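In my numbering, the protein residues as written are 22 to 296.
Note that CB positions come from ideal geometry on N, CA and C, so glycine has one too.
Bear in mind that the values here come from a model prediction, so they are computed numbers and not experimental data.
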């Protein structure tokens, strides 16, 4: 078969690799198409007066407010900087504590029995119900925000890490044991590779939960941050700023989720096969 014939065959019957490489970009384009459909309809509804501007701002008004608050009076940068610090510290603490705890609970059954009721209680209790108590203990400063964000993110990280430990293939563990491999070697060579995809899933889910924690903490006790920006704008009926803050949080969530999903996809081949 000549090179020209092979080229024609590839054009007629594209292989699966070529199709899979185009899927992420197609996914992004379809997401953008959804915005391009919704935004004109949203603007039209507001401009025709079908809803009151005090209850629903238009995309054009939000864009003007974004330009003013970002580049004219620059007030939004300070709020984003404060929220960014809280997010990094709270989510970082959740990673530092959640991943080792998940590994330990997955490896040690008795430890799992000890901590499982506490984890279930944390998950079942809304964080907003615990926030007043956290403020009483830690004050209204940075510490209380970090604790709230930590509580929001740690559960999914711990549970996903535990699932990764339990997903380690027993056959490989038995083979390592038959070769008299130490516990540390079995942990490094079998448990950790099996856990990595699940840990990345937990990190992706926890990153968005941490954003929720930022808003919850700043709603209740703060004088700066994106949550305070939204809350204060709501009390003064500035729906353009409220919706701008919500859109910023949504864009941050989508960006974090998509970036971590791409990292997660790289390690998907490490995920143990399900029989």
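Whole angstroms are fine: how far does the CA of residue j sit from the CA of residue i?
i: residue 212; j: residue 204; result: 10 Å
i: residue 272; j: residue 262; result: 15 Å
i: residue 130; j: residue 137; result: 10 Å
i: residue 126; j: residue 219; result: 15 Å
i: residue 119; j: residue 89; result: 40 Å
i: residue 80; j: residue 247; result: 19 Å
i: residue 139; j: residue 151; result: 14 Å
i: residue 132; j: residue 289; result: 29 Å
i: residue 73; j: residue 158; result: 42 Å
i: residue 283; j: residue 135; result: 35 Å
i: residue 162; j: residue 153; result: 13 Å
i: residue 206; j: residue 183; result: 19 Å
i: residue 19; j: residue 189; result: With the chain covering 22 to 296 only, the question about residue 19 has no answer from this structure.
i: residue 42; j: residue 71; result: Any answer about residue 42 is weak, because its pLDDT of 42 lies below 50 and its placement is not dependable; what the coordinates show is given next. If I take the Cα positions, the gap works out to 43 Å.
i: residue 55; j: residue 177; result: 29 Å
i: residue 145; j: residue 179; result: 15 Å
i: residue 50; j: residue 286; result: 19 Å
i: residue 112; j: residue 149; result: 17 Å
On a CA-only basis, which of the options is nearest residue i? Give me that one, please.
i: residue 166; options: 71, 65, 276 and 244; result: 244
i: residue 124; options: 234, 257 and 186; result: 186
i: residue 280; options: 116, 75 and 228; result: 228
i: residue 269; options: 176, 223, 100 and 59; result: 100
i: residue 251; options: 97, 154, 148 and 71; result: 97
i: residue 170; options: 140, 230 and 145; result: 230
i: residue 208; options: 282, 121 and 55; result: 121
i: residue 117; options: 224, 286, 284 and 287; result: 224
i: residue 172; options: 142, 189 and 68; result: 142
i: residue 254; options: 232, 78 and 59; result: 78
i: residue 258; options: 75, 210 and 56; result: 75
i: residue 87; options: 260, 215, 147 and 105; result: 260
i: residue 103; options: 236, 276 and 274; result: 236
i: residue 109; options: 168, 55 and 93; result: 168
i: residue 181; options: 197, 222, 291 and 59; result: 222
i: residue 82; options: 68, 58 and 199; result: 68
i: residue 234; options: 84, 174 and 59; result: 174
i: residue 239; options: 155, 115, 50 and 59; result: 155
i: residue 114; options: 85, 56 and 164; result: 164
i: residue 84; options: 278, 60, 106 and 105; result: 60
i: residue 291; options: 226, 216, 278 and 275; result: 216
i: residue 91; options: 128, 265 and 277; result: 265
i: residue 232; options: 210, 278 and 197; result: 278
How would you write the range of the alpha helix (DSSP H) that residue i sits in, first residue to last?
i: residue 266; result: 260-287
i: residue 76; result: Careful: residue 76 lies outside any alpha helix (DSSP H) and carries neither H nor E.
i: residue 234; result: 213-241
i: residue 81; result: 80-88
i: residue 205; result: 204-207
i: residue 255; result: 247-256
Notebook entry, point to check: Does the region 233-248 come within contact of the region 60-73, defined as at least 3 CB pairs closer than 8 Å?
Noted result: no
Next item on the list: Would you mind listing the alpha helix (DSSP H) stretches within the region 119-197 that are 4+ residues and don't spill past its ends, in chain order?
Entry: Listed in chain order, the complete alpha helix (DSSP H) runs (minimum 4 residues) inside the region 119-197 are 130-145, 148-159 and 163-187.
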